[in-house]
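Protein sequences appear in the order of chains A and B. With the first letter of the first sequence counted as 1, position 93 gets the number 93 in the UniProt record's numbering; the numbers rise by one all the way through. With the first letter of the second sequence counted as 1, position 21 gets the number 21 in the UniProt record's numbering; the numbers rise by one all the way through. Cβ coordinates follow ideal geometry from the N, Cα and C atoms, glycine included. Reviewing the structure listed below.
Protein chains: 2
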Amino acid sequence: MKKGHQVTMKEIAKKLGVSVSTVSRALKDSPELHPETKKRIVEMAKSMNYQYNLLAQSLRISKSKVLGVIVPELTSHFFSSNISGIQDTAYKRGYNIMICQSNESFEQEKANVRTLVSSQVDGLLISLSRETKNYEHLMELYNREIPFIMFDRVTEDIPVSKVTVDDAHGAYLAVKHLLEQGCKKVAYFSGPEDLYISKKRKEGYLKALSEFGIPASESKVYMTDLTSEKNREVTLAMLASEDRPDGIFAMIDPLAIDIMMVLKEQGLKIPEEIALAGFTNNPTSAVIEPSLTTVSQPGYEMGQIAANHLLDQLDDLVPDEPQSFVLLTTLVPRNSSKKKPNA
Amino acid sequence: MKKGHQVTMKEIAKKLGVSVSTVSRALKDSPELHPETKKRIVEMAKSMNYQYNLLAQSLRISKSKVLGVIVPELTSHFFSSNISGIQDTAYKRGYNIMICQSNESFEQEKANVRTLVSSQVDGLLISLSRETKNYEHLMELYNREIPFIMFDRVTEDIPVSKVTVDDAHGAYLAVKHLLEQGCKKVAYFSGPEDLYISKKRKEGYLKALSEFGIPASESKVYMTDLTSEKNREVTLAMLASEDRPDGIFAMIDPLAIDIMMVLKEQGLKIPEEIALAGFTNNPTSAVIEPSLTTVSQPGYEMGQIAANHLLDQLDDLVPDEPQSFVLLTTLVPRNSSKKKPNA
Chain A
1 MKKGHQVTMK
11 EIAKKLGVSV
21 STVSRALKDS
31 PELHPETKKR
41 IVEMAKSMNY
51 QYNLLAQSLR
61 ISKSKVLGVI
71 VPELTSHFFS
81 SNISGIQDTA
91 YKRGYNIMIC
101 QSNESFEQEK
111 ANVRTLVSSQ
121 VDGLLISLSR
131 ETKNYEHLME
141 LYNREIPFIM
151 FDRVTEDIPV
161 SKVTVDDAHG
171 AYLAVKHLLE
181 QGCKKVAYFS
191 GPEDLYISKK
201 RKEGYLKALS
211 EFGIPASESK
221 VYMTDLTSEK
231 NREVTLAMLA
241 SEDRPDGIFA
251 MIDPLAIDIM
261 MVLKEQGLKI
271 PEEIALAGFT
281 NNPTSAVIEP
291 SLTTVSQPGY
301 EMGQIAANHL
311 LDQLDDLVPD
321 EPQSFVLLTT
331 LVPRNSSKKK
341 PNA
Chain B
1 MKKGHQVTMK
11 EIAKKLGVSV
21 STVSRALKDS
31 PELHPETKKR
41 IVEMAKSMNY
51 QYNLLAQSLR
61 ISKSKVLGVI
71 VPELTSHFFS
81 SNISGIQDTA
91 YKRGYNIMIC
101 QSNESFEQEK
111 ANVRTLVSSQ
121 VDGLLISLSR
131 ETKNYEHLME
141 LYNREIPFIM
151 FDRVTEDIPV
161 SKVTVDDAHG
171 AYLAVKHLLE
181 QGCKKVAYFS
191 GPEDLYISKK
201 RKEGYLKALS
211 EFGIPASESK
221 VYMTDLTSEK
231 NREVTLAMLA
241 SEDRPDGIFA
251 MIDPLAIDIM
261 MVLKEQGLKI
271 PEEIALAGFT
281 NNPTSAVIEP
291 SLTTVSQPGY
301 EMGQIAANHL
311 LDQLDDLVPD
321 EPQSFVLLTT
331 LVPRNSSKKK
341 PNA
């Protein structure tokens, strides 16, 4: 064991083959446990030189009744829906929430974690910034036994509960739909390659192509940094290409809408000449013309599930072992892709 | 003076006819002041039984370097723009921000104030919920000398600095534009009557009518609670009316978009048969078809100005006397109203 390493309840639990909540109860001298079990755990904790984390203890004992939430950006309808779900759930259970946004910046995200921890929140719900590749700030939370869970933008590197949507399946549904409508050459407009959702949605795109007998070698992936300028540039480049696609699956709705603007401006008929589908189901997508086929992500429900699970952990209603919740996405077919009646 | 009333620096300042920041400097024993002035202020403070507010003092001395922000809702593009302006400004000056949303609930707003104050923020930026008619929670902040300012949804009842937009002028610009395009009967679709912006925008609407020789008695005001259902119902009722308007000014863009959906569904040509204008300049308004004429509110700049002013107050760079900043709005003419070429 490294010098200076602080032994956690999780390590004691692992050593004894019991759950973390059992260790926690033993160290709190809970009457629910068998005295023998309690004794065994307390002795192991002593032998491992466990220092009961005073901060975590004081947080647990004198609860602030506040949860901290960190999201990449608040202008995104998806994240503001997450927050509504978190807030409504927290409020029903007597908690308030404080929100910080990272603005997709790793440094700001670290500052947010520090700020919320200093404010003595009882627990945190975190969605990572685009820049975050290093997870030491989260590992520190974990080691200090400050309860937190991750949602939407998560990392497998930290053993806490996670709530995500089934990105690959949602993309698969959208691309399958385009192919069913008669599209022969479907392109995937992707955000930066290292984004989790870029990869996951590409998986779904390739799976749908493969089901329709189109090999990955014939896939058409267009990359953009998701700025409106670049989205426009890439769309124009695609239109100028020799083997022009007749269907487009865009990674997110705002990208799909930028693409739609260019297609309309260039006089292309949607969906007759090019069909289009997005992913998110932003409010704009329903009112734009033609209305945008998209994949609905349950943002509000994601917030509800994340908040309820964290509060269940705080109230010792569920084991501390990390859970993974994967929510289903659904296809919302609209006029931008419907070539066949009643299809 | 009421029993239990806590004397404030503001009261001492008033009594002596000096500024609050002078009182504050005297009580901090600042070398900038003339010893005589200092003596006079300290004696007055003693005679009034002033208790130097320990919390405010500790906040000022050991700064948390965090500002608290309370907004009615985060799904609104306007408020999320405010927050971006606040956050970017705060970040540049070494501060982080924590955000709470009231969800338009008075109770939640009070809980948010308590939460942020308990978290020892250095100051607050507050935009009121739709329900807030009682300002005791703000008066308490004021009496405790916790620095805060208000933005967008403000009240005249609390003597702190405020940042707002010129609502009446923006509405005037939109309605004048509709009249200039040849509309003869312009309706105003308004939110709940007691909302500050409902009133202010109505002022601008009536002013424009009056300039075009249309008396207030011939104005056409349609009220809605701003839910999509009610917006739809009111629009259908307007279309069924005998003296159908040929132009509509909607109080906010989301309402204008709901109206547009109904007009399109009913086969009305926009702007030929009915011209339409909104207020906010949401991103959807630019991409909808026809694109929506609207009034642009500088949400980001409002956040910047509010944050800079609060931080200036915290750093004693400006006097503590309340300031009022009124930002200008601008007309954004688009296809939903342009009847005349180059008009």
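Below 8 Å, too few C-beta pairs join the stretch 298-317 of chain B and the stretch 10-20 of chain B to call them touching: fewer than three. The three-state reading of DSSP puts A:Tyr222 in strand, counting E and B together. Residues of the stretch 98-111 of chain B that bring their beta carbon within less than 8 Å of a beta carbon in chain A comprise Met98, Ile99, Cys100, Gln101, Asn103, Gln108 and Ala111, in sequence order.
The shortest C-alpha to C-alpha distance from A:Tyr300 to any of A:Glu11, A:Ala45, A:Ser80 and A:Ile41 is the one to A:Ser80.
Per DSSP, B:Met251 has no beta bridge partner at all. Beta-bridge analysis with DSSP links B:Ala13 to no other residue. Residue-level contact check: B:Met261 touches chain A, since one or more beta carbons of chain A fall below 8 Å from its beta carbon.
Taking the Cα of A:Asn308 as reference, the smallest distance to any Cα among A:Ser64, A:Arg40 and A:Thr89 is reached at A:Thr89. For B:Asn96, the enclosing beta strand (DSSP E) starts and ends at Asn96 to Gln101.
Short of 7 Å from the beta carbon of A:Thr8, and not among the five residues preceding or following it, lie these beta carbons of its own chain, in chain order: Asn143 and Glu145.
In chain order, Val66, Asn96 and Met98 make up the part of chain B whose C-beta sits under 7 Å from the C-beta of A:Thr115. As DSSP reads the structure, A:Lys162 sits in a beta bridge with A:Met150 and A:Ser324. Of the residues assessed, A:Leu116 falls on the buried side of the cut-off, its CB having 16 or more other CB atoms within 10 angstroms. Per DSSP, the continuous alpha helix (DSSP H) segment holding B:Ser47 begins and ends at Pro35 to Ser47. If one requires a minimum length of 3 residues, the beta strand (DSSP E) runs lying completely within the stretch 283-312 of chain A are 294-296, in chain order. The beta carbon of B:Ser127 sits closer than 8 Å to the beta carbons of Ile70, Val71, Pro72, Phe79, Asn82, Met150, Phe151, Asp152, Arg153 and Val154 from its chain, once the five residues preceding and following it are set aside; these are given in chain order. Setting aside the 5 residues that flank it on each side, A:Val160 is surrounded in the same chain by Tyr142, Phe148, Ile149, Met150 and Pro322, each with a C-beta closer than 7 Å to its C-beta; the list follows chain order. Approximately 11 Å separates the beta-carbon atoms of A:Thr224 and A:Leu195; this is outside 8 Å, ruling out the contact. Three or more beta-carbon pairs drawn from the stretch 323-333 of chain A and the stretch 291-306 of chain A are found closer than 8 Å, and the two stretches are therefore classed as touching. For A:Tyr188, the secondary structure class from DSSP, reduced to helix, strand or coil, is strand. Sequence-distant Cβ neighbours of B:Lys162 in its own chain, meaning closer than 6 Å and more than five residues away, are Met150, Val154 and Ser324.
The beta carbon of B:Ser30 sits closer than 7 Å to none of the beta carbons in its chain outside the five residues before and after it. Within chain B, the C-beta atoms nearer than 8 Å to that of A:Glu289 come from Ile288 and Glu289, in chain order. If you draw a 10 Å sphere on the C-beta of A:Thr164, you find 16 or more other C-beta atoms in it, and that means buried. DSSP places B:Val23 in the helix class (H, G or I) of the three-state scheme. Contact with chain B is found for A:Ser80, since one of that chain's Cβ atoms lies less than 8 Å from the residue's Cβ. Taken atom to atom, the span from the alpha-carbon of B:Ala26 to that of A:Glu104 is near 44 Å. The three-state reading of DSSP puts A:Val66 in strand, counting E and B together. In this structure, the alpha-carbon of B:Tyr172 lies about 5 Å from that of B:Tyr205.
When C-alpha distances from B:Ser198 are compared across B:Glu107, B:Ala208 and B:Val221, the shortest belongs to B:Val221. Taking a Cβ-Cβ threshold of 8 Å, the residues of chain B close to A:His77 are Thr75, in chain order.
Here A:Gln101 is buried: its Cβ has 16 or more other Cβ atoms, across all protein chains shown, within 10 Å. Taking C-alpha positions only, A:Glu272 is separated from A:Ser217 by approximately 26 Å.
Note: B:Gly213 is not bridge-paired with any residue in the DSSP secondary-structure output. Shown here, B:Gly123 sits in a strand according to DSSP, grouped into three states. By the Cβ-count criterion, B:His177 is buried, with 16 or more other Cβ atoms from all chains shown falling within 10 Å of its own Cβ.
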